[in-house]
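Here's the structure, in structure tokens; my notes come after.
Residue numbers (the working numbering): 495 to 821.
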């Protein structure tokens, strides 16, 4: 696995590691889906591999799959590594819990109760620190205030402004940026090699420099969905036929992923359209966007009927059409 588009972050971590001055906590900050979690996993793997057996390692953060450290991590059994993330819900395992709990954070204390097994180093990856409930953040802070020897914390962070200042102040921050189109193409091709060229191009276009976000739409024919959305805005739907057909197709149970994509894409399309307007048309578009965002944002949380929701959202899209009045 290769990390694309984040060479600056890779070089900064490698420089610190190779100099022997590796900070004990790293805040990996940037937009969702640009590779922060992959970086954290690769950095932990490289650090533990280099500490255990440095021979035969590649450039950057690469570690050959045959390396003993890589094999242990891939099997989920490396004794010197802990990874915290939201867990599946007890009653709905297909859904994730809202937060990383304080018990999960306290559970890493077992890592520090004994000496490291494979080398002198240990690593903790938290994906993401934004997901820590408040008691969990306070429990983590205690580890950062009195860090265990030879342990590195890699903290994935989507919004550093919401992280406790006392945690931020004890971390070295690495900034992660959105990817260029070329890097996006490479990252998507690596993650989903079976996609055809047209779909890959569509994902690059809609991903806004975040391949992880773009890949949520893989296999959903987003280009066609965007075309329908664009047609509603540009041409309206005087007879309600287009919105009725869209509501019927996205209201089916097996259309849930495309329904969720529509909830995300419709307000974004309205915002993009609004940026081309001015005056009263702009004011109207902003008002429609606010209504669409509220409807789309609450649809799943409030368990709204998908068919009714799509019909209403499509109506908002169509309301942006301004008929021409030729003289």
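Where is the CB? At the ideal position from N, CA and C, for every residue including glycine.
Judged by DSSP secondary structure, residue 670 falls outside any alpha helix (DSSP H); it is assigned neither H nor E.
C-alpha of residue 512 to C-alpha of residue 747: approximately 53 Å in a straight line.
Pairing residue 615 with residue 681, the inter-Cα distance amounts to about 30 Å. In this structure, DSSP gives residue 751 a helical state, which the three-state scheme calls helix. Fully contained in the stretch 656 to 716 are the following beta strand (DSSP E) runs of length 3 or more, in chain order: 666 to 669. Counting along the chain, the unbroken alpha helix (DSSP H) around residue 783 starts and ends at 773 to 793. With respect to the C-alpha of residue 528, the residue from 514, 499, 784 having the closest C-alpha is 499.
With the rule of 3 Cβ pairs closer than 8 Å, the stretch 564 to 582 counts as touching the stretch 591 to 599.
When only Cα atoms are considered, residue 538 and residue 772 end up about 50 Å apart. The beta carbon of residue 561 is closer than 8 Å to those of 543, 547, 550, 551 in its chain, skipping five residues each way along the sequence. Within the stretch 534 to 589, the runs of beta strand (DSSP E) at least 3 residues long that lie entirely inside it are, in chain order, 575 to 579.
The beta carbon of residue 622 lies closer than 7 Å to those of 650, 651, 652 in the same chain, with the five residues before and after it left out. For residue 741, the enclosing alpha helix (DSSP H) begins and ends at 735 to 744.
Beyond the five residues adjoining it in sequence on each side, residue 624 comes within less than 7 Å, by CB distance, of 651, 652, 653, 656 in the same chain, given in chain order.
Rounded to the nearest whole angstrom, the CA to CA distance from residue 558 to residue 627 is 36 Å. Its Cα nearest to that of residue 503, the residue 524 stands out among 524, 740, 637. Taking C-beta atoms under 8 Å as the contact rule, residue 662 and residue 521 qualify, at a distance of about 6 Å. Residue 775 places its beta carbon 9 Å or farther from that of residue 810. Within the DSSP secondary-structure output, residue 649 pairs in a beta bridge with 521, 620.
A straight line joining the alpha-carbon of residue 675 with that of residue 767 spans about 22 Å. 9 Å or more divides the Cβ of residue 526 from the Cβ of residue 684. Nearest neighbour of residue 679 by Cα position, chosen from 735, 701, 501, turns out to be 701. Contact between residue 574 and residue 611 holds, since their C-beta atoms are separated by about 6 Å, short of 8 Å. Only exposed fits residue 729, as fewer than 16 other CB atoms lie within 10 angstroms of its CB. Between residue 591 and residue 780, the alpha-carbon positions lie close to 34 Å from each other. In the structure shown, residue 723 falls within a helical segment according to DSSP collapsed to helix, strand and coil. Around the Cβ of residue 803, a 10 Å sphere holds 16 or more other Cβ atoms; the residue is buried. Below 8 Å, enough C-beta pairs join the stretch 721 to 728 and the stretch 736 to 744 to call them touching: three or more.
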